[in-house]
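Asker:
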Amino acid sequence: MGSPEREAIDAPPVHLVEVELSGVDAGGQPTTLTLTPSAPAPVDGSRALSTTSLRITFDRFLLPGEAIRQAICLQPSAEPVPVLQQCTMGVFLEPSYDPVFRRITYRLPASATLVPDTKYWLTVLAPTETSPFGVRAFDGAPFEANVVLQFTTAAMDPPGGPVDPALDEAAQRAASEELFCAASACVASCAVDDQLCIDKCPVSKSLTIGCGGCHGPMELGAAVMGLDLSGVERIPAMIGRVANQTQTGEQADEADLRPRRFGRAMPHVDPGNAGNSYLLYKMLASPIYTRMAAAAGLAPGEIDRLRASVVVGLPMPPYDLYAAPQSSLEALSAWISTGAETPACP
113 MGSPEREAID APPVHLVEVE LSGVDAGGQP TTLTLTPSAP APVDGSRALS
163 TTSLRITFDR FLLPGEAIRQ AICLQPSAEP VPVLQQCTMG VFLEPSYDPV
213 FRRITYRLPA SATLVPDTKY WLTVLAPTET SPFGVRAFDG APFEANVVLQ
263 FTTAAMDPPG GPVDPALDEA AQRAASEELF CAASACVASC AVDDQLCIDK
313 CPVSKSLTIG CGGCHGPMEL GAAVMGLDLS GVERIPAMIG RVANQTQTGE
363 QADEADLRPR RFGRAMPHVD PGNAGNSYLL YKMLASPIYT RMAAAAGLAP
413 GEIDRLRASV VVGLPMPPYD LYAAPQSSLE ALSAWISTGA ETPACP
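Mapping of the sequence shown onto this note's numbering: residues 113 to 458, in sequence order.
(1) What's the C-alpha gap between I351 and M378?
(2) Can you say whether F374 is buried or exposed, counting buried as having 16 or more other CB atoms within 10 angstroms of its CB?
(3) Note down the Cα distance separating S243 from G413, rounded to an integer number of angstroms.
(4) When you compare the stretch 187 to 200 with the stretch 267 to 286, are there three or more beta-carbon pairs, one atom per stretch, that lie closer than 8 Å?
(5) Please confirm if the stretch 205 to 223 is in contact with the stretch 176 to 191, defined as three or more CB-CB distances below 8 Å between the two stretches.
(6) So is D251 buried or exposed if we call it buried at 16+ other beta carbons inside 10 Å?
(7) Under the assumption that T265 contacts P228 (Cβ atoms under 8 Å), give the Cβ distance between them as a whole number of angstroms.
(8) Where do the N-terminal and C-terminal ends of the alpha helix (DSSP H) with L392 fall, by residue?
(9) The beta strand (DSSP E) spanning L308 covers which residue range?
(10) Note down, in chain order, each residue of its chain lying with its Cβ closer than 6 Å to the Cβ of D137, except the 5 sequence neighbours on either side.
(11) With L291 and T320 assumed to form a contact (beta carbons below 8 Å), what rounded beta-carbon distance in angstroms separates them?
(12) Roughly how many angstroms separate the alpha carbons of A406 and I448, rounded to a whole number?
(13) Where T454 and F255 are concerned, what is the direct C-alpha to C-alpha distance, given to the nearest angstrom?
(14) Excluding sequence positions up to five away, which residues of its chain have a Cβ less than 7 Å from the Cβ of V129?
(15) Comparing alpha-carbon positions, which option in A238, G425 and P458 lies nearest P194?
(16) Thinking just about the alpha-carbon of each residue, which of I121, A446, A123 and V424 is nearest to the one in R285?
(17) What residues are listed by DSSP as bridge partners for P427?
(18) By Cβ distance, which residues of its chain are closer than 7 Å to P124, with the 5 residues on each side in sequence left out?
(19) Taking C-beta to C-beta, are P192 and C302 nearer than 9 Å?
(20) For G135, which of helix, strand or coil comes out of DSSP?
(21) Kindly indicate which three-state DSSP category E191 falls into: helix, strand or coil?
(22) Let me confirm a value: A443 is counted as buried when at least 16 other C-beta atoms fall within 10 Å, else exposed. Which label applies?
(23) How would you write the range of the beta strand (DSSP E) that D210 sits in, first residue to last?
(24) Rounded to a whole number of angstroms, what is the C-alpha to C-alpha distance between S389 and A420?
(25) Got a sec, what are the start and stop residues for the beta strand (DSSP E) I347 sits in?
(26) Using a Cβ-Cβ cutoff of less than 7 Å, which residues in the same chain neighbour R417 once the five nearest sequence positions on both sides are dropped?
(27) I need the DSSP call for I180, collapsed to helix, strand or coil.
(28) Nearest to A295 by CA position, among D311, D280, D306 and V131, is which residue?
(29) Per DSSP, L444 forms a beta bridge with which residues?
(30) Span of the alpha helix (DSSP H) holding F292?
(31) What's the call for L166, buried or exposed, on a 16-neighbour Cβ count within 10 Å?
(32) Three-state secondary structure (DSSP) at Q262?
(33) Should L147 go down as buried or exposed, given a rule of 16 or more other Cβ atoms within 10 Å for buried?
(34) Quick one: using the 10 Å Cβ neighbour count with 16 as the cut-off for buried, is D280 buried or exposed?
(35) Determine the extent of the alpha helix (DSSP H) in which R419 is found, giving its start and end residues.
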C-alpha cells in the first residue's frame, strides 16, 4: 500500500463497472438505465426519472474518504470537466458508499428533482496533480481516467414511480432500527422455507448466528480478540470501538475516522460509514463473497489485496456454512450506513 504523496502505488487503478439509474423505456414503462464506459448513453429511447439516484459501481474497494460528492460532476451541460473546479453547473447530490457492491449511491436532497426533459452529463473524476478530487481505491490507487456518460430525463415521471431521496435524520434512524430488528426486504428475498436465510437477515440475529461461535461470552474467556457477539445485548459494545487487528501506531485504541492509512485504528462499526467498518470487511474477505452477484466486476486479486493490507487473520465467519448470504450483507451495510441503531427488538 503506497501513498500518492510519497511513493508509487503498486496496485491496479480503479475502473468504472456501471452506472444505474431509475427510468422509463420508450413505451413509458419502468426500467433501469445501465451506462458503462463502452455504452455511455442509452440508445433505446429510455429516459431517467427526475427523482433518480445515481448508483455508480467500481471494480475495486474504495477509499471511503474519497467517495464523496466532489468525486463526480453531474450537470446539464456538455462543457468538458477535466477537474472538479470546472464543474460550474453541478447538481448537489448526497453520497453513500456501500463496500458490498463497491458502489457509491448519489441521491438528490428530499423534494429536489432534476429538470424534466433535459440532457445531463455525468463525469466520474480521476484525481490529478492539480486537483485531488476523484475516486481512489482503498490502497490509494487512483481512478484510471475520467469517464463521461450522459442521459436525458423524462418529460414527466410516471405516477407512483420510484423515489430514492437522501434520508433525513429521523428516517435514517427508523431505517436502521428496522434493519436491526426485522430487515423485511432481506427476508422477502429468502425462499419461504429457508429459515436459515431468514434468521440471518436482521442484524441482531445475523451477527450472533454467524459470529457468536468464535466470539463467545467474555465471562467464559471465549471472546476472540476481545469481541463478544454471543447475544444481541453485546452488539452495542463494539460500535465505535477499534478492532484489535487494526490497532497500529500512536493512540491505536482510539478510532480513527479518517486515517492517512486505510485500516489503521478502524472501528468494528463506524455509525454512518460502512466503508470504515472493519466488521464488514472481515465478512467481505471470505471466499464466498467472490461467488455472490455483488462481486460481479470485481478486479482480479482484490480479495487478496484486501487481506494483505487490511483484514488480518481468518474472515468472519471462517466457514461457508455460517457465512451470511448477500441479502444479509446488504442489510448489515445499510444498517451501518443509516446509523447502526441498536433498539430493543420485539
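Glycine included, each C-beta is placed from N, C-alpha and C at the ideal position.
Answerer: If we stick to the structure as given:
(1) Straight-line Cα distance between these residues: approximately 11 Å.
(2) buried
(3) 29 Å
(4) no
(5) yes
(6) buried
(7) That pair is a contact at about 5 Å.
(8) First-last of the alpha helix (DSSP H) with L392: Y390 to L396.
(9) No beta strand (DSSP E) holds L308; the alpha helix (DSSP H) holding it covers Q307 to D311.
(10) T143 and S158
(11) Their Cβ separation, rounded to whole angstroms, is 15 Å, which puts L291 and T320 out of contact at 8 Å.
(12) 18 Å
(13) 36 Å
(14) T169, F170, D171 and G409
(15) A238
(16) A446
(17) Its beta-bridge partners do not exist; DSSP assigns none.
(18) A253 and A411
(19) It is not a contact, given that the beta carbons lie outside the stated cut-off.
(20) strand
(21) If DSSP states are grouped into helix, strand and coil, E191 belongs with coil.
(22) buried
(23) E206 to D210
(24) 17 Å
(25) Counting along the chain, I347 falls outside any beta strand (DSSP E), and DSSP gives it neither H nor E.
(26) A123 and D251
(27) coil
(28) D311
(29) Note: L444 sits in no beta bridge, so no partner.
(30) E281 to C293
(31) buried
(32) strand
(33) buried
(34) exposed
(35) E414 to S421
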